[in-house]
Amino acid sequence: MDPELIKDCVHCGFCLPTCPTYLLWGEEMDSPRGRIHLMAQHVEGTPVTDEMAGHFDACLGCMACVTACPSGVRYDRLIEETRAVVEREHVRAPEDRAIRGLVFALFPYRRRLRAMRLPMRLATRMRPFLDRVHPSLGAMAELVPPPARPVRLPPRVHALGRRRATVGMLTGCVQSQFFPRVNAATARVLAMEGCDVMIPPRQGCCGALSLHSGRDARRFAKRTIAMFERAGVDTVVVNVAGCGSSMKEYAEVLRDEPEWAERAEALRVRDLAEYLVELGPVARRHPLPVSVAYHDACHLAHAQGVRSQPRELLRGIPGLELREISESAICCGSAGTYNLFQPGPARELGDRKAGHVMATGAEVLVSANPGCSMQIAAAVRRSGKGEMRVAHTAEVLDASLRGLGARALGRA
Amino acid sequence: MTDAVLTRLAGLFGELLPADAVITDPVRLRTYDCDGLTYHRATPGIVVLPDTAEQIAAVVRLCDEYGVPFVARGSGTGLSGGALPRTDGVLIVTSRMRRILEIDLQNRRAVVEPGVTNLAITEAVRDQGYYYAPDPSSQQICSIGGNVAENSGGAHCLKYGFTVNHILGLEIVTPDGEIVELSADDPGYDLLGAFIGSEGTLGIATKITVRLSRAPEAVTTLLAAFTGIEAGGQAVSAIIAAGIVPAAIEMMDALAIEAAEAAVNCAYPQGAGAVLIVELDGPHAEVGHQFAEVERICRESGAFEIRVAASAEERAAIWKGRKSAFAAVGRISPAYIVQDGVVPRTALPEVLAGIDRLQEEYGIRVANVFHAGDGNLHPLVLFDDAVPGQGERAEAVSGRILDLCIEHGGSITGEHGVGVDKSRYMPKMFTEEDLDTMQLVRCAFDPRGLSNPGKVFPTPRLCGEVPGVRKGVHPLVESGRAEQF
Amino acid sequence: MNDDAGAEEVLTAALTDTGVAIRPAGPDDSVAGVRPRWVALPEATEEIAALMRVTSAHDLAVVTTGAGTKLHWGHPPERCDVLIDTCCLNEILEHEAGDLVVRVQAGVPLDALARALAAKGQELAIDVPLEGGTVGGLLATGIAGPRRFRYGTARDLIIGITVVLADGTIAKAGGKVVKNVAGYDLGKLFTGSYGTLGVIADATFRLHPLPTARAWVTATFDRPVTETQGTREDEKGVAFDTASVDVADEIRVIVPAVAESQAEPSAIEVDWPDVNGPCVIAVLVEGAAAAERARAVQDMMGEKAQVADEPPEWWGRLPGLPGLPGPADRAGDEGVLLEFRNVASRLPGTFVGPFSTAATTGTRPAVRGSLASGVLHVALPPGTEPAAAAAFVGALRAECEDAGRVVVLTAPEEVARRVDRWGHVGGLTLMRRVKDRFDPERRMSPGRFVGGI
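Protein chains in written order, with the working numbering: chain A, 781 to 1192; chain B, 96 to 580; chain C, 488 to 940.
See below:
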């Protein structure tokens, strides 16, 4: 925890109303300002107590506070450093350790993830039992969407019409397993907008899960950089908010290895929406008469500052009505692995978000992060209001560009 | 106060409040050691997070019974240390009391709990064309309870007044734990007026009835750039002399602009030595007329660029720089003091020149952000705490600025409050008799001096028994730490 | 007898020794029927302090008066030895036009102040509904007129005060800047305190620029209330006559529409001289483009509405008071004057309350005041039966329930004895404690205020 970064905080409190846990509990130590205070206490010599670790663990890492901070406090870096300290210095309760071990042994590895699909389906039925064993297991079972038919993407998708660019594409661990159609849609949209899309096979985890939980992500980062270098692209388009935000941090993650940091700098990482707006539309948009509520994924809106671009793309679709969700800056509670490690508050935040989403009356929920979609869909289901149709920005664009109509959007 | 008493109190609170609403863990307690003014810190003995007025009353009654001081805190954004805790006392935090209880548009009023944020009220009624007028810069987080304690203003109070002009009723817990309703409609002393702005020394507001205002038909925001602060000041005087009362007139000097640019890229005109933000609101016809006047005046006073916000987004962009200015200064200086003083508007040029002289004399930079319409200065005194002696020099400059304000017939605080930070300046602004008379109000509400003691007034004072004869000598008096009053 | 006369002489000497002009009080100096022994005419704040030290030393009760236009308001004092007349504290101490602030002594007549401010294109935006009063009287009673809807009342515009306490302490609070949160706001505490906390020596107010233009839109409504006769059957099938009273639909629609309109009226007033007759509603629009905005209001008020650039003659005056009140003790020679507050949107109550109450008590009230802020004055004509007047007060309170407040401002003694002057007062215990601190010996206008304070 860098004391200089801590000192940047002037204690103004502007972060408080944007912090999900402060909204839930109204406690100073569960606000960014309070957590920075705790970090300062640690720097001054207070050991990491159970209480302290609990307040750090409760942080979703949504980074809404970073957006809100007028003093430019790098809370994102502070909390990542802090999580590393907690991992190093704090001994967790045995069952917590087991759960964390399970998640980190599973999620970043797509083959293991694939292998888990069947057991997880069974787990859905066993939820009440799992809930009793450990709430995290219950949460996992609740969130998992029905297994999807795998979609195999070719290593190269050629541009339709005149080629305007060549880009690499990250497929993401959770995305490729549970939402493979999003990847297919992303590749198609890019191609229809005139891009050659390079999709290196056997992509590993980009390191996001580790990075956001205070674990060493350097191995994942180097592997990903090398992979796209081999593919011969200098621009990587990412359709998962969490992955995009960590890839944009590679140079920071690898700062102790200047050669790697330089290679990281050379790789241009863009969120899909961000990239498409930069590129400018050429493909024809067919009408899509549907009302959608756009959800700002924290790792897109706060970590990457991408707010206007997805909206601009959606508004560009004839017939589509875009509705705003109130409290849009507040996290849905998914937050990477948060809903697995902190199922209680994650559920409360999910319910809160689901309420706001349903209040829009929109037919389809659109977001750019699979975790958010799973989280909000689960909360809607819990409320007994049936299944919420969810779609990725890429799928909506895909449907419009291909003239598919709105019926299929967000249906399993 | 002994630890034993606090331990006992914590146990009793545990019987009244949910387990997670009583904080005694030292690491957690320390996160409450200051409000928005980090210069003063004290770790509270106990923190409670009550949910209802009855819980607050019960906590206060126990404090009264055990003679333990208590301090109320909302969002902890105050800039005068008004919510600085007592190590020997209880900090009562209202951040969980954030329900909007009633919205009555027909009567233009809303009833809210003290932890509701200022902006949340406006957000709740905005779609219906209403808003809550006082708008301190921290409005997205500062609590309405804190606003009541501090009588908060904001950029728009030039035209619309302060918190005290927009509160129609309060439910308060008195320092002896009674729940009392005060209403603007009731005959009798204006206790509402006395309570608002008393900085938590007369009790704790637990329910607040606010006046809602009709959103104006038209709002025009104009940004005028000047080469220097003098020209901007001239424009302000001329606008007022023309009989125009804008909703807000704000000014920032070059250094403040630099900070805001660094923080939020507000893109104010290049080369501006000062910017003036003028906001006019009201009926279309009136605003149109006044706008032409203001624009003419700004040009005549030497504005080299004038921008007019054409949409709500553009207005927000103009305000963004101003509203973020305090915290933004953190980008251009390792440390700084936010000062808050007021001078009669006509004395602004002299006082600003005086601040310039102080900068030179002490070798300390001062960024000026101010509510020019009502002479409320917010000099930001910049320093580097790593440089030995700079902190002290900055402190000295900050104090001298207040002296300047007092010399020119102004006030030591326009909106941040006296708190713990400025109590020592109170005797410069008021006589002993003035302070003694204010103390009479304190004694009426809080004879034992348990409600936020050590704030506002320079010396701890005790209230004599009234009526009747004083009994013995209080230990504080005997030891010379307090004056009998 | 000789001892008494001797004591009187000692006291007179003590008072005279202060150097303040003292004269024996005459019958015209009575305060709500209580005749003081001396009248003192201080010329400076220090002189008030000197007087107060003497009254404190000799346990003399003090009442303060300005022009005496409202001296008979409130309970008669329990005792009154010295009447402090502020007539010689009549200086405008400071008026820096560029600051929109004025500091005035308590004895300055409001009309003189208005003239001085108008010369600089400014005003103190309070329309006191009684002519001839002073700054001190305005503050002591907190009275306000039509434009309270836009500007609030004295407590909203006072920014500084100097007072002299019962023991002679001179204290000030606030200052001469509009924005100021240093220390307790004694100005507000003293505003509307009926002289029971101390003597107000001077006050500082925030001012407003005189509006560039003003326009009044008035309309007459022949039947402000409607009575609907009908029959109903109870559960046993027995039919009985019913009469329901309600505010006329057009008023119910027009008043909120105008109040919430973007024409931003400064005041919406009603004059209803006889609750069995028609009423006039007048709306004031001020500022740039007033004429244009007045036309918008006119459109809302219907065909019969008229625009004028002069107010109706009743505008900003209390109801039922013919002629100008003088400084004499007026208790007993005029009718009952009530302040009637009703939460604004309970417009029906504002009309139905006085109407129904008049019918059940056989009285003939005149109503005038602010519909927009729900503060009205109700006058019962002189000669109203005391019992009927008392019944009227009680019934009106009952009629408006929690949403309203009825305060008896003036009443002949016969009526006053039978009514609770103040009605509901929240926080009375705290008020008593405040009084105990400021005036522990109860010598400042004792008994005149709420709860016998």
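Yeah, the Cβ is synthetic: ideal placement off N, Cα and C, and Gly gets one too.
The structure presented is a predicted model; accordingly, all values stated were derived computationally and were not measured.
Against chain C, the beta carbon of A289 of chain B has neighbours under 7 Å at Y671, D672, K675, L676, listed in chain order.
Think of a sphere of 8 Å around the beta carbon of T212 of chain B: the chain A residues whose beta carbon falls inside it are P797, in chain order. C-alpha of R782 of chain C to C-alpha of P752 of chain C: approximately 12 Å in a straight line. Interface annotation, C237 of chain B: not in contact with chain C, CB-CB separation never under 7 Å. According to DSSP, Q609 of chain C shares a beta bridge with C:P696. Collapsing the DSSP output to three states places L186 of chain B in a strand. Counting only runs that start and end inside the segment 325-377 of chain B, the alpha helix (DSSP H) elements of at least 4 residues fall at 349-359.
If you look at Q201 of chain B, you'll find it isn't in any alpha helix (DSSP H); DSSP assigns it neither H nor E. For V823 of chain A, the CB contacts under 6 Å within the same chain, skipping 5 residues up- and downstream, are M781, P783 in chain order. Exposure of H938 of chain A is indicated by the presence of fewer than 16 other C-beta atoms within 10 angstroms of its C-beta. The beta carbons of F165 of chain B and L545 of chain B sit about 6 Å from each other, so the pair counts as a contact at 8 Å. For the options C:V732, C:V549, C:G493, the alpha carbon positioned closest to that of Y681 of chain C is the one of C:V549. Closer than 8 Å at the C-beta level to chain C, one finds these residues of the segment 432-461 of chain B: V437, V438, P439, R440, T441. Against chain A, the CB of V122 of chain B has a partner CB under 7 Å away; the residue lies at that interface. Identification of chain A residues near V359 of chain B by a Cβ-Cβ cut-off of 9 Å yields P850, ordered along the chain.
Taking a C-beta distance under 7 Å as the contact criterion, V895 of chain C and L825 of chain C qualify as a contact pair. D614 of chain C and G803 of chain C have their C-alpha atoms roughly 6 Å apart. Going by beta carbons, R780 of chain C and P378 of chain B fall inside the 7 Å limit. Looking at the DSSP output, W525 of chain C shares a beta bridge with C:P511, C:V569. Pairwise C-beta distances place the segment 1100-1119 of chain A out of contact with the segment 1032-1048 of chain A, as fewer than three of them are shorter than 8 Å. At least one beta carbon of chain B lies nearer than 7 Å to the beta carbon of V790 of chain A. The shortest CA-to-CA distance from N963 of chain A to any of A:E869, A:R1182, A:T1173 is the one to A:T1173. In this structure, the straight-line span from the alpha carbon of P341 of chain B to that of R136 of chain B is close to 39 Å. Counted as a single uninterrupted DSSP element, the stretch harbouring I236 of chain B is not any beta strand (DSSP E), since DSSP gives it neither H nor E. Proximity of Q1122 of chain A to chain B, defined by a Cβ-Cβ separation below 7 Å, is not satisfied.
If the five residues before and after I1097 of chain A are omitted, its C-beta is found closer than 6 Å to the C-beta atoms of R1065, L1068, S1180, all from its own chain and listed in chain order. Using a CB distance cut-off of 7 Å, Y363 of chain B does not count as an interface residue toward chain C.
At least one beta carbon of chain A lies nearer than 7 Å to the beta carbon of T126 of chain B.
Chain-order list of chain B residues neighbouring S680 of chain C: Y284, by C-beta distance under 7 Å. Judged by pairs of C-beta atoms under 8 Å, the segment 502-513 of chain B touches the segment 663-670 of chain C, as three or more such pairs exist. Note on geometry: alpha-carbon atoms of I334 of chain B and T499 of chain C lie some 55 Å from one another. Chain C places a beta carbon closer than 7 Å to that of P378 of chain B, counting this residue as a contact. The Cβ atoms of A250 of chain B and E294 of chain B do not sit closer than 7 Å to each other.
Separation of the CB atoms of N471 of chain B and G639 of chain C is rounded to 20 Å, and the pair is thereby denied contact status at 8 Å. Look at R136 of chain B: its C-beta is not under 7 Å from any C-beta on chain A. In this model, A442 of chain B and G397 of chain B are separated by some 20 Å (Cα to Cα).
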